[in-house]
Amino acid sequence: MIEAVFVRGAAGNIVEFSLSGHAGFAERGRDVVCAAVSALAQAALIGLEEVLRIDVEAEVDDDQGRLRCRIPEEAAASRLQGAAVLTETLLRSLRSIEAGYPGHVQVREINR
């Protein structure tokens, strides 16, 4: 199962997200659930780093199926607004996959 964890900061915005595991929907290399989750997470990370130019703290381990991204709360306010759009979209997209493929994706939110 893929576990997605979103951490909200004091202001309510997502300051960190992580994904780990494999969906187990199909064999490796043919798993559409893993592919969808991976594509969404990578798109969010690219948006944060390359479009918004936020110096995020990111770790990616494709072999282990892990991705972690921390957004510095001291980033410029205008960039944090863009980050909020990307991370909230990622959260809602993963919730949609979780609903469509129960038992393969689990999404949790933590308030810091």
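Under our numbering, think of the first position of the sequence shown as 1062, with each following residue one higher.
Each residue gets a CB set at the ideal place from its N, CA and C atoms; glycine is no exception.
To the nearest angstrom, how far is it from the Cα of residue i to the Cα of residue j?
i	j	result
Gln1167	Ser1157	11 Å
Arg1129	Glu1170	14 Å
Ala1119	Arg1131	6 Å
Ala1087	Val1093	8 Å
Arg1173	Val1121	23 Å
Ala1104	Cys1095	14 Å
Asp1123	Arg1114	23 Å
Ser1079	Gly1126	10 Å
Ala1148	Ala1136	Going by the sequence as given, residue 1148 is Thr instead of Ala. Taking the straight line from one Cα to the other gives about 15 Å.
Val1068	Leu1152	11 Å
Gly1164	Gly1090	19 Å
Leu1109	Arg1140	9 Å
Asp1112	Leu1106	Position check: residue 1112 holds Val in this sequence, whereas Asp was assumed. Computed Cα separation, rounded: 10 Å.
Any beta carbon from chain C within less than 8 Å of residue i's own beta carbon?
i	result
Arg1153	Protein chain content of the structure displayed is limited to a single chain, and chain C is not contained in it.
Which residues share a DSSP beta bridge with residue i?
i	result
Cys1130	Phe1078, Ala1119
Val1066	Ser1079, Arg1169
I'd like the list of long-range same chain contacts for residue i, defined as Cβ closer than 7 Å, with 5 residues on each side in sequence excluded.
i	result
Glu1134	Gly1070, Val1076
Leu1155	Ala1065, Val1098, Leu1101, Val1166, Val1168
Asp1116	Pro1133
So, is residue i buried or exposed, given that buried needs 16 or more other C-beta atoms within 10 angstroms?
i	result
Leu1138	Looking at the sequence provided, one finds Ala at residue 1138 rather than Leu. Classification of Ala1138: exposed, given that the 10 Å Cβ count is below 16.
Ile1063	buried
Ala1084	buried
Output needed for residue i: all residues of its chain with C-beta closer than 6 Å, excluding positions within five of it in sequence on either side, in chain order.
i	result
Tyr1162	Val1094
Gly1082	Met1062, Ile1063, Glu1064, Gly1126
Do three or more CB pairs link the stretch 1137 to 1155 to the stretch 1073 to 1089 at distances below 8 Å? yes
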